[in-house]
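Take 190 as the starting number for the first sequence in the working numbering and just add one per residue.
Backbone N, C-alpha and C fix where the C-beta goes; we use that ideal spot for every residue, glycine too.
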Amino acid sequence: MGLKIYNSLSRQLEEFSPLKEGHVSMYSCGPTVYDYIHIGNARTALVTDIIRRYLTYKEYTVKLVQNLTDIDDKIIDRAHTLGLSAHELAHTNGLAYFEDTQRLGIQAADIHPKATEHIPEMIDLIQILLDKGAAYVVDGSVYYRVNAFSEYGKLSHRKPEDLLAGARVEVDERKEDPRDFDMWKAAKPGEPYWESPWGHGRPGWHIECSSMAMKHLGETIDIHAGGEDLLFPHHENEIAQSELATGVPFARYWVHVAFLKIDGKRMGKSEKNFILLREALDKYPAEVIRHFLVSAHYRHPLDYSIESLQTSESALRRLNNCLDTLKKFTTDIDESIDTQDDLTTDDNSLVSAIDTMQSGFIRAMDTDFNTAQAVGSIFTLVSTVNKSIAKNNGISNHIYTHAYNALIETCEVLGIYSTNEQDTGKTDEYLDPVLNLLLDIRQDARNRKDWDTSDMIRDRLKELNIEIQDTKEGSTWKFIS
RNA sequence: GGUGGCGUCGCCAAGUGGUAAGGCCAGAGUCUGCAAAACUCUCAUUCGUCGGUUCGAUUCCGACCGCCACCUCCA
């Protein structure tokens, strides 16, 4: 029936219903811009993008906010090594982030707030928490008093004892409780800082998301997304800060994206086992990378490998071949197909296959955005269409048009089909006539059974990465990689 | 130690208390002068192991084995 989302808060699949009917507010934790993003980061960004596209497909009005953390320890450190200001580094990498994600076909969020542009809002929120006795100041830093929030741990389902038992909690003598975390960090000499009631300093990581989400989306947001590593402590802390300040739920559905792995291990910046998104994009089209990322459900780990990308490339070729073939039958006439009496048995079975694909796609996406299953529905229809075309059973063009449109529509939700005409062909104005000349010469040779000449043309072009395809309709060519 | 997840065809990956989607690879075929490309067909009586519940379990329960992740900055 309707959309169901797995909510990390309840650890259950829940019926989705937004706070305001027809509208969805969504916040996604964005990157800390001290470096380029890797494919693992891209996975989360892509899942966010697809959730948004699907909600839009379901006719919701979606407002998506994704932050950019543009000040933190890593940025300061990296800027220092590079001899740049923290601002310069963050600015450059912020632009690179947009460039990379846009190349992946990720649509920009409605708002991309930056931490450094929301200092006053964060100070206000910290002040509220101080006034409520939920925070304390030590040497110019402000800490959140975890004990003040009785529901602390409700997202990560951790009990205070569990947290304390883990000997990995950093010991900081200045904290009242090891679980307490900083909302405002006093600046050390030479570090960038902002003025605050507690002295020169900078915001802690968690406070920015609380402030910016509430500023741009209100005190309660519908969907909050992020990588699964953010569940604790980041999201737990966001909840603690926000809910203690407002007294209302911070986010209604918590969505956590599983890790992208490489060689069976989590791809992470600290492990240095990552592949930069831009490197991958230099080697593979965006649709191929998207297909790969979408080939597993977002809550299940996915292992990155060249082989997987090649698999996706082959699968996508099958899809695109089908689409290209269908396109030849496409008619502009938008005939309705409800006149059942005019339809043959073959017509009807294709129409029903299209319906099956669409309902399967929706059922899959409605079940916690099961993109893997959704892709399955698409490929099942691809098979049916291919069979139908192979049988040459005289299916009406408008039914093929219907199939084409249905496939395009669903593929666009996943972003695995690019509507812009093959970009490889954009320089062909000059090449086209030349190739056609060669093709003509070859055809003449073939007519004379001069196989040496025709094969030489074919082979030499292949060396130039141009492949000749002989079909019943004649010869065509295309670039191969 | 605490918490969560995973183990399904050679590889990737969905899924369900009633008998296993899809993709890749592979084999066969159609097409072709031969190829390539494309398309078609074939391709898991079986779902980590052992028990239990059930008329029936891959799906529920328990134990065990193996793997991963979070508890510390990382999407």
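Per the C-alpha coordinates, the member of Y246, A304 and K247 positioned closest to D259 is A304. In the structure shown, the three-state DSSP call for Y225 is coil. Remark: C-beta atoms of V222 and L244 do not approach each other more closely than 7 Å.
About 7 Å separates the CB atoms of Y333 and L318; that is less than 8 Å, so the two are in contact.
Burial check for A434: the Cβ neighbour count within 10 Å reaches 16 or more, so the residue is buried.
CA-CA distance, A542 to M456, rounds to 39 Å.
Contact check for V602 against Y246 passes: the beta carbons are separated by less than 7 Å. Assigned with DSSP and collapsed to three states, T573 falls in helix. Excluding its 5 nearest sequence neighbours in each direction, P386 has C-beta neighbours in its own chain below 8 Å: I312 and Q316, listed in chain order.
Taken through DSSP and simplified to helix, strand or coil, P386 comes out as coil. In the three-state reduction of the DSSP assignment, F370 falls in the strand class. Contact between V327 and R363 holds: their C-beta atoms lie close to 5 Å from each other, under 8 Å. Per DSSP, E656 lies in no alpha helix (DSSP H) segment; the continuous beta strand (DSSP E) that holds it begins and ends at I655 to T660.
When DSSP states are grouped into helix, strand and coil, Q499 belongs to the helix group. For V477, no beta strand (DSSP E) segment is defined; the enclosing uninterrupted segment is the alpha helix (DSSP H) at A475 to V483. A direct Cα-to-Cα measurement between D513 and V477 gives close to 17 Å.
With a cut-off of 8 Å on Cβ pairs, the segment 463-480 is not in contact with the segment 425-440, counting fewer than three such pairs.
Leaving aside the five residues that flank T569 on each side, the residues in its chain whose CB is nearer than 7 Å to its CB run, in chain order, M546. Residue range A275 to R292 is occupied by the alpha helix (DSSP H) that includes G283.
Around the beta carbon of T665, fewer than 16 other beta carbons lie within 10 angstroms, which makes this residue exposed. Cα atoms of D371 and F421: separation of roughly 15 Å, rounded to the nearest angstrom. Note on geometry: alpha-carbon atoms of I226 and L273 lie some 19 Å from one another.
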